[in-house]
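Enquirer: One structure coming up, written as structure tokens, with questions to follow.
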Amino acid sequence: MRALFTLLALLAACSVPPPLNAENPVRNLEPNTALDFVQGPKLDDATALLAALELAKADKLSVRIPVAIHVAAGDLGIESAALDCAENPLALTLDDSTLGVSLLDRVRHLCPHEEAPCHVRVEGKWGPAFSFGEPSDALVLTVRDVLPAEPGETHLLVEKKP
């Protein structure tokens, strides 16, 4: 019995994975988080901006857009968010239901000194993550990531079609 156990331990220690070939491709277990973006319409053209966002939604493409976020007093939550457009900011609902770390925690990290508002770039999909069939006129962005703001951003960025 001891010899059998020794033989099995030796076989397990000496086993090698099969060589990589067409039938056994490399499997990268790291998520591919790098997306390529192309420039969309200017942020101050609300009609073209909303049309581009709806097109990105239909094509299931990610967008990256500057957003101004107001944190509620006492860090109790996100009070409001708006597309960071020139003169007429469009009110937004940010859906963070797909994030592992809450949107509030990410905003706190990027704007620790209680800037009002906190200017960030939000990457995500246009529309709610989950819909239960009820119609809504709200402008919703499902957040995938929150990045520091880039000064002088003037355009929507849309994921390049594969």
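All letters in the sequence shown, in the order written, are residues 255 to 416 by our numbering.
Cβ atoms here follow ideal geometry from the backbone N, Cα and C, with glycine treated the same way.
Values in this document were obtained by computation on a predicted structure and should not be read as measured data.
1. Check each candidate in Ser385, Arg360 and Pro382 and name the one with the smallest Cα separation from valine 374.
2. Measuring CA to CA, which of Ile323, Leu337 and Cys339 is closest to histidine 363?
3. For glutamate 377, count neighbouring C-beta atoms within 10 Å of its own C-beta (all shown protein chains included) and say buried if the count is 16 or more, exposed if not.
4. So, helix, strand or coil for threonine 260, using DSSP?
5. For arginine 318 and leucine 395, I'd like the C-alpha separation in whole angstroms.
6. Exposed or buried, which one is aspartate 338 when buried takes at least 16 other CB atoms within 10 Å?
7. Given a cut-off of 7 angstroms, decide if valine 355 and alanine 335 are closer than it, judged by their beta-carbon atoms.
8. If you check the beta carbons only, do leucine 346 and leucine 393 fall under 7 angstroms apart?
9. Who are leucine 346's beta bridge partners in DSSP?
10. When you compare each of Arg398, Asn342 and Asp299 to alanine 288 by their alpha carbons, which one comes out closest?
Expert: The short version:
1. Along the sequence shown, one-based indexing puts residue 374 at 120. Of the listed residues, the one whose Cα sits closest to valine 374 is Arg360.
2. Against the sequence shown, residue 363 aligns to sequence position 109. Among Ile323, Leu337 and Cys339, the Cα nearest to that of histidine 363 belongs to Ile323.
3. Locating residue 377 in the sequence shown gives position 123, where the first residue counts as 1. Classification of glutamate 377: buried, given that the 10 Å Cβ count is 16 or more.
4. Here residue 260 refers to the residue found at position 6 when the sequence shown is read from its first residue. Looking at threonine 260 - three-state DSSP - the assignment turns out to be helix.
5. Numbered from its first residue, the sequence shown carries residue 318 at position 64. Numbered from its first residue, the sequence shown carries residue 395 at position 141. Their backbone Cα atoms lie some 10 angstroms apart in a straight line.
6. As a first step, residue 338 must be located in the sequence shown, where it is residue number 84. Flag for aspartate 338 reads buried.
7. Along the sequence shown, one-based indexing puts residue 335 at 81. Along the sequence shown, one-based indexing puts residue 355 at 101. It is not a contact, given that the beta carbons lie outside the stated cut-off.
8. For the purposes of this step, residue 346 is identified with residue 92 of the sequence shown, where counting begins at 1. For the purposes of this step, residue 393 is identified with residue 139 of the sequence shown, where counting begins at 1. Contact: yes.
9. Sequence index remark: in the sequence shown, residue 346 carries index 92 (1-based). According to DSSP, leucine 346 bridges with Ala335.
10. As a first step, residue 288 is located in the sequence shown; it is residue number 34 there, counting from the start. Nearest C-alpha to alanine 288: Arg398.
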